[in-house]
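Participant:
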Amino acid sequence: MSGCKGRFNTGRNEILIWHWMTDRHKAFEELGKKYTAETGIKVVFQLIAPVEAFTQNVSIGAQTNHLPEIYGILGDTQIKASFIKAGHVLKLDEYLDSDNGAWKIRFYKEALETGYFPPVNEFNVPQGYYGVPIDVMTIPMIYNKKLFAKAGLDPNKPPETWDQFIEAGKKLNQSGVSGFVSGWAENWLVYSMATDLACNVMGLEKMLGTFRGKVPYTDPQWIEVFSAFEKIKKAGFADPSIVSLINKYAEQAFASERSGMTFNGSWAVNVFEGMNPNLEYGVFKVPALGKKFPRTVWGAAGSVFHVNAQSPNKDKAVEFLKWFTAPEQAKYLLDKTKNIPATKGLEKSFSPIMNEFASVTENSIHPSRFPVTEDPRVIQVFGKGIQSIMIGEKSSVQVASEIQDAKEKIKDIGR
Amino acid sequence: MNSIANGILTRLARFRASVLSNYLFILPALAMFLTFNVYPFYKVLNMSFFHWNGIDLGGGTFAGLANYKEALLEDHTWWYSIRNAAIITVLALTLQNFLALVLAWIVDRGIKGGQFYRSVFFLPPILSGVVVGLVWNWIFRGDAGLLNNVLDKLGMSGWAHAWFSDIRTALLSLAVVHMWKGFGWGFMILLAGLQGIPRELYEAARVDGANEFGIFWKITVPLMIPVFALVSVLTILGTMQLYDLVVVTTMGGPSGHTEVPMFTIIRELTENHRFGYAASLGVVFGFILVFVSLIQLQLAKRVKAE
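Taken in order, these protein sequences are the chains called Y and W.
Take the first sequence: its letter number 57 is residue 57 in my numbering, and every next letter is one higher.
Take the second sequence: its letter number 134 is residue 549 in my numbering, and every next letter is one higher.
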């Protein structure tokens with residue numbers, strides 16, 4: 001099968017793009033039409049949602065050699081590495097470096113690194129750039145300024161430490177709203193907050209040491225991280241449904257002012273504007289739990305497009321992506337979707353709230369830039385463990401022990 | 416002698432032609448069956464003996480029975496998801512089908528507005544699982560949920576809580592949503608079964624002095640056994656394969672307490688990229704369903720014979 005030409009890989013004058021971004025689809029289509037008008041090359045954006053369906057489609061596309069010219073890969077770095085090693089992803093270095101690197105310098109460094117494999121990596125992928133970033137996101141804490149004021153809190157001074165966060169949550173709760181909401185039925189959201197806390201407590205290197213299997217999850221500093229969730233549980237200010245809420249419901253709860261704080265990404269700017277244009281909110285980093293290391297935020301990484309290395313239209317696809325990420329098109333996407341572009345130089349067009357999101361990206365972390373990643377099965381046990389803490393089912397020590405057990409078991413089983 | 420031999424040969428030729436034409440007629444159906452049933456099953460079975468992330472060239476590495484060993488002996492999450500589905504299935508087999516039978520029996524008695532009730536009861540099954548999940552999520556929400564508001568108005572605020580987030584009620588709440596969505600199927604099939612029973616039997620029983628309970632127990636129930644068997648098998652198969660409602664309401668949470676087999680299998684595929692292991696779970700699950708359905712049918716046969 002791998003030798004034959006796929007259905008989409010014929011030499012037609014068309015670029016097919018598979019993506020999962022429902023909120024950006026219309027804007028993508030408009031840009032596709034514009035490109036067609038300018039060049040005569042037809043561009044088709046095909047939306048495949050939800051993400052589970054998208055992931056399945058891309059996997060099947062790879063198995064049957066039916067991938068389109070451009071597509072996204074949703075999965076951990078190991079999965080991206082598998083796509084690259086199977087020859088499904090075009091290495092972009094020569095394109096990025098041509099014209100004295102004119103295309104390369106267009107992007108924020110961190111955003112471009114989302115699709116980069118360093119010279120030495122655990123996946124044995126040849127060094128290089130394999131993806132084109134479209135936008136960047138950041139996942140900080142978000143708070144409602146009006147509800148803060150109503151609860152007697154300073155709307156211009158969000159919590160900086162975990163204790164302040166707990167106090168703010170309690171006060172918000174006393175004022176008649178839930179203190180905190182987030183879509184913690186979705187594992188990745190719990191995990192991203194926990195890793196922010198872990199970096200703050202033990203530093204990035206020690207956290208990566210855990211992923212490498214050198215530091216156990218039963219380490220006291222990991223238990224301190226899990227205890228932070230115990231404190232939320234004990235203080236009782238979080239939305240009672242927090243562990244069974246998917247993120248969309250959490251966004252609704254925050255946008256409808258039923259909750260004073262949330263943990264959510266910069267894409268929420270667009271979401272909140274649609275749900276409640278009058279929402280007054282601000283952004284802050286996940287409060288400090290430790291004192292030694294800086295507070296981090298998941299971010300400066302986002303949606304990435306990959307070019308199908310086996311497509312006869314790969315050069316056309318690269319040309320399209322060059323055009324697509326040019327400032328003019330990036331500005332159009334920024335205006336229409338309110339996502340922070342991966343293309344530099346548009347900062348003046350950011351709304352004040354987008355500037356707030358962009359300003360917290362200092363010390364940003366993201367698994368796509370980690371040299372080592374945690375196994376998704378461990379992440380699942382991790383997420384479930386924090387859910388257990390949040391419903392009072394298990395203690396932080398029990399959860400730490402279960403995660404470590406899962407990690408050791410998985411090491412034996414393999415993938 | 417020659418004419419006899421010719422006759423035999425002619426008949427044989429005709430027989431062969433007729434057999435051949437018979438096979439030709441079933442060939443399209445056979446080809447479809449082989450392509451869309453046998454081959455995919457073979458591929459899944461084959462894949463279940465490999466470690467494969469679905470992307471690596473060459474179809475992965477041979478794993479022997481390792482995936483089955485993990486599925487059958489080591490994966491507690493998997494068996495917990497089967498246990499969850501089994502609980503919902505037992506509830507659906509009893510409560511859901513009892514409700515469906517009662518309603519079908521009432522409508523069968525020619526009550527006023529029977530056609531209206533038929534349409535109303537059949538509405539939930541034809542609604543999308545996602546829509547049903549969204550509505551019930553709003554009903555069962557912990558803060559602004561409809562159910563909690565109603566309980567509050569009734570002075571029972573002590574009962575109010577986050578139904579999907581409490582491990583004591585999460586699975587039961589999911590079962591309620593599933594049964595609400597599914598009882599209409601049972602209702603329609605049972606109603607069709609009830610309407611297929613000759614009315615003369617009821618009239619004769621009444622003439623003989625039988626009361627309503629006696630008629631139901633001695634006539635309706637025995638004649639409905641095949642229909643009960645059908646509804647039970649469909650309920651088991653439908654409930655054990657529950658997926659969409661879980662994704663929209665709980666995502667398997669809190670902490671895996673509402674995970675069901677399909678959710679686990681799809682997570683292995685899409686999140687963990689373990690195609691071989693997911694295939695082995697699918698095979699194990701398929702055998703469980705076939706086994707349970709066979710037992711169900713055997714029980715129905717025995718009850719009918721008695």
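Built from N, CA and C at the ideal position, the CB exists for glycine as well.
(1) For a contact meaning CB atoms closer than 7 Å, what does Gly75/Y contact in chain W?
(2) For Lys394/Y, verify whether its CB is less than 6 Å away from any heavy atom of the ligand COA.
(3) Flag this pair as yes or no: are the beta carbons of Tyr116/Y and Tyr129/Y separated by less than 7 Å?
(4) When you compare each of Leu334/Y, Ser303/Y, Glu14/Y and Pro371/Y to Val44/Y by their alpha carbons, which one comes out closest?
(5) Less than 7 Å between the C-beta atoms of Glu605/W and Ala515/W, yes or no?
(6) From the DSSP output, in three-state form, read off Pro133/Y for me.
(7) Please return the same chain residues whose Cβ sits closer than 7 Å to the Cβ of Ile403/Y, not counting the five positions on each side in sequence.
(8) Put Trp467/W into one of helix, strand or coil per three-state DSSP.
(9) Please classify Glu113/Y: is it buried, with 16 or more other beta-carbons within 10 angstroms of its beta-carbon, or exposed?
(10) Thr138/Y and Ser266/Y - do their beta-carbons sit closer together than 7 Å?
(11) If contact means a Cβ-Cβ distance below 7 Å, which residues of the region 357-369 of chain Y contact chain W?
(12) Indicate whether the contact test is met: 3 or more Cβ pairs, each with one atom in the region 279-295 of chain Y and one in the region 153-168 of chain Y, closer than 8 Å.
(13) I believe Phe464/W touches Phe456/W by the beta-carbon criterion, under 8 Å. Please report the beta-carbon distance rounded to the nearest angstrom.
(14) Output yes if chain W places a C-beta closer than 7 Å to the C-beta of Glu402/Y; else output no.
(15) Using the DSSP secondary-structure output, state which residues sit across from Trp18/Y in a beta bridge.
(16) Return yes when the Cβ of Ile340/Y is within less than 7 Å of the Cβ of Ala358/Y, no when it is not.
(17) Does any residue of chain W bring its CB to less than 7 Å from the CB of Ala406/Y?
(18) By DSSP, does Val675/W sit in helix, in strand, or in coil?
(19) Find the residues of chain Y that neighbour Phe579/W, judging by a C-beta separation of less than 8 Å, and give them in chain order.
(20) Compare the Cα-Cα distances from Trp20/Y to each of Thr39/Y, Phe54/Y, Arg12/Y and Gly32/Y and report the closest residue.
(21) At what residues does the alpha helix (DSSP H) containing Ala301/Y begin and finish?
(22) Can the beta-carbon of Glu683/W be found closer than 7 Å to that of Tyr692/W?
(23) Using the beta-carbon of each residue, which ones in chain W are nearer than 8 Å to Gln56/Y?
(24) Which chain W residues sit within Cβ distance under 9 Å of Phe83/Y?
(25) Please classify Asn437/W as buried or exposed, where buried requires at least 16 other C-beta atoms within 10 Å of its C-beta.
(26) Kindly indicate the opening and closing residues of the beta strand (DSSP E) around Val307/Y.
(27) Lys291/Y: buried (16+ other C-beta within 10 angstroms of its C-beta) or exposed?
(28) With respect to the beta strand (DSSP E) encompassing Ile142/Y, which residues constitute its N-terminal and C-terminal limits?
(29) Using a cut-off of 7 Å between C-beta atoms, extract the partners of Ala559/W located in chain Y.
(30) In this structure, how does DSSP classify Gly422/W when only helix, strand and coil are distinguished?
(31) Please report the distance separating the alpha-carbon of Ile503/W from that of Ile710/W.
(32) Output needed in chain order: residues of the region 445-466 of chain W with a Cβ under 9 Å from some Cβ in chain Y.
(33) Compute the beta-carbon to beta-carbon distance between Pro676/W and Ile497/W, rounded to the nearest angstrom, for a pair I have assumed lies under 8 Å.
(34) Examine chain W for any beta-carbon lying closer than 7 Å to the beta-carbon of Cys4/Y, and answer yes or no.
(35) Which residue's Cα is closest to the Cα of Gln46/Y: Phe211/Y, Trp18/Y, Val225/Y and Val360/Y?
Facilitator: In brief:
(1) His688
(2) Ligands displayed in this structure: none; no statement on the ligand COA is therefore possible.
(3) yes
(4) Glu14/Y
(5) The sequence given here places Leu at residue 605/W; Glu does not occur at that position. Contact: yes.
(6) strand
(7) Tyr217, Val378, Val381, Phe382 and Gly385
(8) coil
(9) buried
(10) yes
(11) none
(12) yes
(13) With 8 Å as the limit, Phe464/W and Phe456/W do not qualify as a contact, their Cβ atoms being about 14 Å apart.
(14) no
(15) Gln46/Y and Tyr71/Y
(16) yes
(17) no
(18) coil
(19) Ser241 and Ser244
(20) Phe54/Y
(21) Premise fails: Ala301/Y lies in the beta strand (DSSP E), Val297 to Ala301, not in any alpha helix (DSSP H).
(22) yes
(23) Leu684 and Thr685
(24) Ile470
(25) exposed
(26) Val304 to Val307
(27) exposed
(28) Met141 to Asn144
(29) Arg258
(30) helix
(31) 18 Å
(32) His466
(33) 6 Å
(34) Its pLDDT being 43, under 50, Cys4/Y is placed unreliably in this model, and the value from its coordinates should be taken loosely. Cys4/Y does not count as touching chain W.
(35) Trp18/Y
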